[in-house]
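Data block below; observations after.
Chains as they are written, first to last, in my numbering: chain X, 1 to 289; chain C, 290 to 615.
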């Protein structure tokens with residue numbers, strides 16, 4: 001009796017030991033997963049803050065090799081293309097989300113929802129090549145609009161799915177009240193359901209905005225980039241992420257410094273948008289309902 | 290006003306849809322058109338890539354997939370190099386990232402108090418918001434030197450003595466930095482889905498096992514992991530799809546050499562990185578068509594991976610909808 005007691009006591013000690021060990025391993029993994037974010041932000045600040053000067057924002061690049069100059073063209077180009085992508089992509093995406101929420105509770109809706117998810121998983125570089133093949137190649141001209149369309153395609157599935165979610169969260173009683181007053185479906189959706197869901201849809205748009213603002217791969221073969229500030233939609237245009245890419249792999253030290261400064265700018269923008277989304281929607285948008 | 294029991298359901302339905310209007314049909318048509326755009330984009334994507342790479346598909350045949358010599362100046366297009374490069378980097382990243390991500394998800398759901406779990410979860414999610422080029426920049430100038438000076442010697446002096454693949458001279462750009470960067474990039478994807486799936490395990494199942502005297506880790510092993518397994522696998526495959534398509538971060542750190550890596554430190558290419566690196570300076574239409582065919586192979590691969598992953602995740606979260614912003 002004593003012996004079995006001792007043995008089971010030892011077993012219990014071992015089980016407790018394994019439990020504590022695994023708890024430590026899990027906590028360590030959490031620490032490990034957080035470290036890269038801290039390090040990246042730290043290095044962005046250390047390496048980028050010094051070059052984040054007013055000249056960087058208001059001057060065009062010097063000819064390659066001559067230190068100084070800025071990236072005004074890249075900032076302008078990013079604003080133009082991201083703005084255009086939002087203007088083109090948002091109405092289509094919201095329309096798609098409305099369709100999924102209003103008419104999508106059937107087999108057709110399931111298939112469409114699946115396709116939207118699949119589109120969200122397509123590599124952004126293949127979407128860039130799609131626009132290259134569709135617009136750049138036939139016109140023999142790199143242009144801003146091709147880049148903006150590629151970004152709009154990336155935005156589409158993100159905003160469509162969030163719109164659908166947000167519409168389905170609108171209380172049924174609101175809808176029923178509108179119907180009871182004799183409002184037709186389109187009027188109910190446009191004047192009751194959509195406005196109610198608007199804050200959620202806006203946060204979705206902001207999330208998509210922060211995503212496409214950082215995309216460079218789809219722009220390499222569509223908007224290409226240039227050396228001066230331009231807003232011509234039918235000509236090549238620069239963008240922040242693609243300039244970071246070319247400066248990072250380029251030969252000059254001042255390019256590397258400016259790449260860090262541009263990255264800092266971009267990440268600060270994205271983090272601010274993410275924090276704003278968090279403040280508006282809480283965890284509603286990123287977490288399963 | 291009086292609705293009798295017999296025509297109840299029908300009456301109710303008329304009320305709910307608010308009757309028929311031409312404007313309603315129009316409204317359905319317009320939103321349906323917007324939804325159809327998604328289908329058109331997917332079809333257009335495949336069509337354009339097949340059409341523009343057709344000459345390469347015809348000329349190179351199956352040798353394109355299985356050939357391992359890529360030399361555009363001599364007209365040799367064997368994309369096998371890039372397929373192997375993509376497979377090695379993304380599968381290694383998948384394994385490493387899944388281990389970390391699942392442990393983190395278990396920690397956040399099962400162990401951490403909510404005041405700790407929320408900020409940690411949020412910080413890991415923020416990793417997904419950092420642009421690919423920024424990872425590349427950080428990879429070249431911070432991670433690369435760290436791997437050369439610190440991690441490289443450790444690997445060559447331990448594993449490298451036994452397995453030739455882990456020996457050689459550590460370099461700033463090559464297979465290892467690409468794998469590490471990809472791992473960091475896909476942890477948030479896998480973590481977010483694993484956390485949701487693990488969170489969906491019924492509490493009563495945990496309580497039952499705990500009441501039988503299990504420790505917390507035994508409870509996780511017996512009650513949580515089997516229940517969450519297929520959802521976690523789905524999340525991992527979504528992470529794989531992301532790793533396979535990841536472009537600029539990898540292009541900046543992988544070294545860009547058209548040869549199959551014989552060492553974990555050797556420079557090589559992935560499918561996405563060869564397109565990013567060579568497409569602008571392609572030597573004429575043949576080279577360009579070949580690169581477009583690489584993109585087509587990449588597209589088909591990510592498409593298949595995505596379909597499998599979505600089906601798995603959907604089966605687990607059956608009936609629930611998920612917004613996963615990547």
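No residue lacks a Cβ here, since even glycine has one placed at the ideal position from N, Cα and C.
- Residue burial is scored here from C-beta neighbours: residue 238(X) has at least 16 other C-beta atoms within 10 angstroms and is therefore classed as buried.
- By the beta-carbon neighbour count (other beta carbons within 10 angstroms, threshold 16), residue 447(C) is exposed.
- For residue 310(C), there is no enclosing alpha helix (DSSP H), as DSSP gives it neither H nor E.
- Looking at the DSSP output, residue 69(X) bridges to 61(X).
- The residues 581, 584, 585 and 588, in chain order, have a CB closer than 7 angstroms to that of residue 338(C) in the same chain once the five nearest residues on each side in sequence are set aside.
- The shortest C-alpha to C-alpha distance from residue 123(X) to any of 153(X), 113(X), 148(X) and 101(X) is the one to 153(X).
- Neighbours of residue 16(X) in chain C, taken as residues whose beta carbon is under 7 angstroms from its own, are 504 in chain order.
- In the displayed model, residue 516(C) falls within a helix according to three-state DSSP.
- Considering only beta carbons, no part of the region 62-87 of chain X lies closer than 9 angstroms to chain C.
- An exposed status is given to residue 384(C), since fewer than 16 other beta-carbon atoms sit within 10 Å of its beta-carbon.
- Per DSSP, reduced to three states, the secondary structure at residue 558(C) is coil, with no helix or strand assignment.
- Excluding residues up to 5 positions away in sequence, 394, 397, 398 and 410 lie with their Cβ nearer than 7 angstroms to the Cβ of residue 484(C) in the same chain.
- Under DSSP, residue 359(C) forms a beta bridge with 366(C).
- For residue 187(X), the CB contacts under 8 angstroms within the same chain, skipping 5 residues up- and downstream, are 178 in chain order.
- Residue contact with chain X for residue 396(C): present (Cβ-Cβ distance below 7 angstroms to some residue of chain X).
- With contacts defined by Cβ atoms closer than 7 angstroms, residue 56(X) and residue 77(X) do not form a contacting pair.
- Going by C-alpha positions, residue 551(C) is about 17 angstroms away from residue 379(C).
- When secondary structure is reduced to three states using DSSP, residue 350(C) falls in the coil class, being assigned neither helix nor strand.
- A straight line joining the alpha-carbon of residue 58(X) with that of residue 226(X) spans about 16 angstroms.
- Counting the other CB atoms within 10 Å of its CB gives residue 374(C) a total of 16 or more, which places it among the buried residues.
- Residue 493(C) is classed as exposed because its beta carbon has fewer than 16 other beta carbons within 10 Å across all chains shown.
- Assigned with DSSP and collapsed to three states, residue 544(C) falls in strand.
- In the structure shown, residue 56(X) falls within a helical segment according to DSSP collapsed to helix, strand and coil.
- Where residue 163(X) is concerned, the enclosing alpha helix (DSSP H) starts and stops at 144-169.
- Straight-line spacing of the CA atoms in residue 544(C) and residue 160(X) works out to 37 angstroms.
- In this structure, DSSP gives residue 16(X) a helical state, which the three-state scheme calls helix.
- Around the Cβ of residue 415(C), a 10 Å sphere holds 16 or more other Cβ atoms; the residue is buried.
- Taking a Cβ-Cβ cut-off of 7 angstroms, the neighbours of residue 29(X) in chain C comprise 389, 392, 393 and 396, given in sequence order.
- From the beta-carbon of residue 228(X), no residue of chain C is found nearer than 8 angstroms; the closest lies around 19 angstroms away.
- A distance below 7 angstroms between beta-carbons, with the five flanking residues on each side excluded, links residue 16(X) to no residue of its chain.
- Using a Cβ distance threshold of 7 angstroms, residue 324(C) and residue 99(X) count as a contacting pair.
- One Cα belongs to residue 341(C), the other to residue 442(C), and the distance between them is close to 46 angstroms.
- Excluding five sequence positions before and after residue 461(C), the CB atoms of its chain that fall closer than 7 angstroms to its own CB belong to 429, 433, 434 and 437, given in chain order.
- Residues of chain X with a Cβ closer than 9 angstroms to the Cβ of residue 431(C) are, in chain order, 39, 40, 43 and 47.
- At the C-beta level, residue 40(X) and residue 427(C) come within 7 angstroms of one another.
- With fewer than 16 other Cβ atoms from the protein chains shown falling within 10 Å of its own Cβ, residue 105(X) counts as exposed.
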